[in-house]
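1 is the number of the first residue of the sequence shown in UniProt numbering; add one for each residue after it.
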Amino acid sequence: MAGHSKWANIKHKKAATDAKRGKIWTRLIKEITVAARMGGADIAANPRLRLAVDKAADANMPKENVTRAIQRGSGGLEGVSYEEVRYEGYGIGGAAIIVECMTDNRVRTVAEVRNAFNKNGGNMGNEGSVAFMFKHCGQFLFAPGVDEDKLMEAALEAGAEDVVADDEGGFEVLCGPHDFAAVKDALEAAGFKAEVAEIIMKPATETEFTGDDAARMQKLLDALENLDDVQDVFTNAVIEE
């Protein structure tokens, strides 16, 4: 199954977002804290915590920061208590947007998210208004040059649902969210380390944006991503570079 260059597009977006925000450690500390609170402090028995800790290592976060976040989440240290909230809405041309947040103050967060939508040509929707257009799944992105047959064999044996080639020779491996850790381990054991490995909300269909509409859509996404309480923003908009 082929598609446009997801690897190049998403890789570029992630790099630009992380550099622009400069808040990746704060975001990861929140995720580690909540993951430890919900699933316990044992990384081996808590796939969500393991993913967050792996991302912290990739972001060069000091181990003591990770340890403190785990301790706060599992009750070993006092600290702010975060909760997860999700908001849905529409961007330019009705593009679907999901905004995932972690907050210690829902009133503040919903006001900030609504304000970002309203000031940038979008509007918030009700719960469930766009979520049906996305699938919760694990995603692994591989740069062009990977051996397709070997990757497909390793991925499908590990329990992946699909392997998708893009127009530039990159590959996207998809799996169920609960299979993410097992697929990641199996791929790495087979010699395949993904450029991007994460659990996402993947749109069922995509809409490409160019010109002024692309600029307006990017401005809205940037406004949402720059909010302190926002962890992730997912959209069915594809903005051409």
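C-beta: ideal position from N, C-alpha, C; glycine also.
Apart from the five residues just before and just after residue i, which ones in its own chain have a Cβ nearer than 6 Å to its Cβ?
i	result
Ala35	Arg48, Leu49 and Ala52
Gly73	Thr33, Ala36 and Arg37
Ala223	Ala116 and Asn120
Val110	none
Glu31	Ala52
Ala59	Ile24
Glu100	Arg86, Gln231 and Asp232
Glu112	Leu227
Pro144	Glu168, Gly169 and Gly170
Please check the pair residue i and residue j, which I expect to be a contact at CB under 8 Å, by giving their CB distance rounded to whole angstroms.
i	j	result
Glu195	Phe134	22 Å between Cβ atoms; not a contact.
Met124	Phe117	5 Å
Val183	Gly159	6 Å
Glu148	Ala165	7 Å
residue 242	Leu220	One cannot answer for residue 242 here, as it falls past the ends of the chain, which runs 1 to 241.
In chain order, what residues of the same chain have a beta carbon less than 8 Å from the beta carbon of residue i, not counting five sequence neighbours either side?
i	result
Arg106	Glu83 and Val85
Asp104	Val80, Ser81, Tyr82 and Glu83
Ala41	Leu49, Ile70, Gln71, Gly73, Ser74 and Gly76
Leu156	Val163
Please list, in chain order, all residues of the same chain as residue i whose beta carbon is under 7 Å from its beta carbon, the five residues on each side excluded.
i	result
Met61	Trp25 and Leu28
Ala237	Gly91, Ala95, Thr207, Phe209 and Met217
Ile200	Cys137, Gln139 and Phe234
Val175	It is worth fixing the name first, because residue 175 is Cys in this sequence and not Val. Once the five neighbours on either side are set aside, the close Cβ partners of Cys175 are Cys137, Gly138, Gly159, Ala160, Glu161 and Val183.
Gly191	none
Ile239	Phe209, Ala214, Met217 and Gln218
Helix, strand or coil for residue i, going by three-state DSSP, please let me know.
i	result
Asp58	helix
Leu224	helix
Gly125	coil
Asp162	strand
Pro47	helix
Val230	strand
Phe192	coil
Glu206	coil
Val146	coil
Gly73	helix
Lys23	coil
Glu168	coil
Ala52	helix
Asp212	helix
Glu240	coil
Ala41	coil
Asn115	helix
Glu65	Correcting the residue identity first, residue 65 is Asn in this sequence and not Glu. Asn65: helix per DSSP, three-state reduction.
Met1	The predicted position of Met1 is uncertain, since its pLDDT is 37 and thus under 50; no value can be drawn from it.
Going by DSSP, which residues form a beta bridge with residue i?
i	result
Ile97	Gly89 and Thr235
Glu198	Gln139
Leu174	Gln139 and Asp162
Thr103	Glu83
Phe132	Bridge partners of Phe132: none, in fact.
CB of residue i to nearest heavy atom of the ligand FMN: below 6 Å?
i	result
Met124	Because no ligand of any kind appears in the structure shown, any question about the ligand FMN cannot be addressed here.
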